[in-house]
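Sequential numbering of the sequence shown, starting at 31, is according to the numbering used here. Worksheet for the structure shown next.
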Amino acid sequence: SWPIAVRSKSTVKRESGAHLPSFFRSASKPKKRRCQNGKRNLKGRRGLKKLPEALKNVRVKKKILIVEDSENNLDLCMQILQGDYEIMTARDGREGIEKALQGEPDLILMDLSLPEVNGWEATRQIKKKKRDLPIVAVTAHALSGDEERARNAGCDDYLAKPFLPKELRDIVERNLKKAA
């Protein structure tokens, strides 16, 4: 471990007695002063005037919850989306409901054939509490009427498996834009 620095008038001494240049003295807390508006500010700081300018180029990743019980399908979705989005996962409907309500995702990719609570019911329960949260059914249920059934359960969009990576990215982007 590093020796602890002890402050002196012009230099800093290590426990070993060796002197360090004065720029190592920043271990102490910066002095605080009052601004013109009476609020406390760190000495030498100019306040928050330049903060919005600094944040213009900062991109916050959208959070996507993938509710999928198949390891292969989950890995595929994660590989397609991982670089552009923050990914959360759930392996069954019950865990999906919990993470949707507590984890603040921006979008949910919901498999409909899930253990514990199926995707139809999980979607209904999530939509009761978070009506504006987009949910996309990503499912092998591709028979006629399945898309309508998914939409009736509360899904905002529908993607049948198997799908192309571009199809998944496009449907995610489209639904995130709608929600914004």
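Note that the Cβ used here is the ideal one computed from N, Cα and C, for glycine as well. In this text, all values refer to a predicted model and were calculated from it rather than measured experimentally.
Range covered by the alpha helix (DSSP H) that runs through lysine 93: Careful: lysine 93 lies outside any alpha helix (DSSP H), inside the beta strand (DSSP E) at 93 to 97.
Under the three-state DSSP convention, the category isoleucine 201 falls into: helix
Beta-carbon separation (whole angstroms), leucine 144 vs valine 97, contact threshold 8 Å: 7 Å
Local conformation of leucine 173 per DSSP, three classes: coil
For glutamate 116, the three-state DSSP class (helix, strand or coil): strand
Distance between beta carbons of lysine 191 and valine 168, contact taken as under 8 Å: 7 Å
Per-residue DSSP class, three states only, for alanine 183: helix
Closest residue to methionine 115 among Leu189, Asn103, Lys92 and Ala170 (Cα-Cα distance): Sequence check: residue 115 is tyrosine here, not methionine. Cα-wise, what sits closest to tyrosine 115 is Lys92.
Distance, leucine 189 Cα to valine 166 Cα: 7 Å
Beta carbon of arginine 124 nearer than 7 Å to that of glutamate 101: no
Buried versus exposed, by CB contacts within 10 Å (16 or more), alanine 57: For alanine 57, the predicted structure reports a pLDDT of 48, less than 50, and the residue's modelled location is therefore unreliable. A value from the coordinates is still provided. Alanine 57 is exposed by the Cβ-count criterion.
C-beta atoms of asparagine 182 and leucine 137 nearer than 7 Å: no
Sequence-distant residues of the same chain with beta carbon closer than 7 Å to valine 162, five excluded per side: The identity of residue 162 in the sequence shown is aspartate, whereas the question assumes valine. Only Ala209 meet the Cβ criterion.
Proximity to glycine 126 [Cα-Cα], best of Gln109, Asn103 and Asp99: Asp99
Any non-hydrogen atom of the ligand GTP closer than 6 Å to aspartate 105 Cβ: Summarising the ligand content, the structure contains no ligands, and the ligand GTP is consequently not present.
7 Å Cβ cutoff met for leucine 198 and isoleucine 94: no
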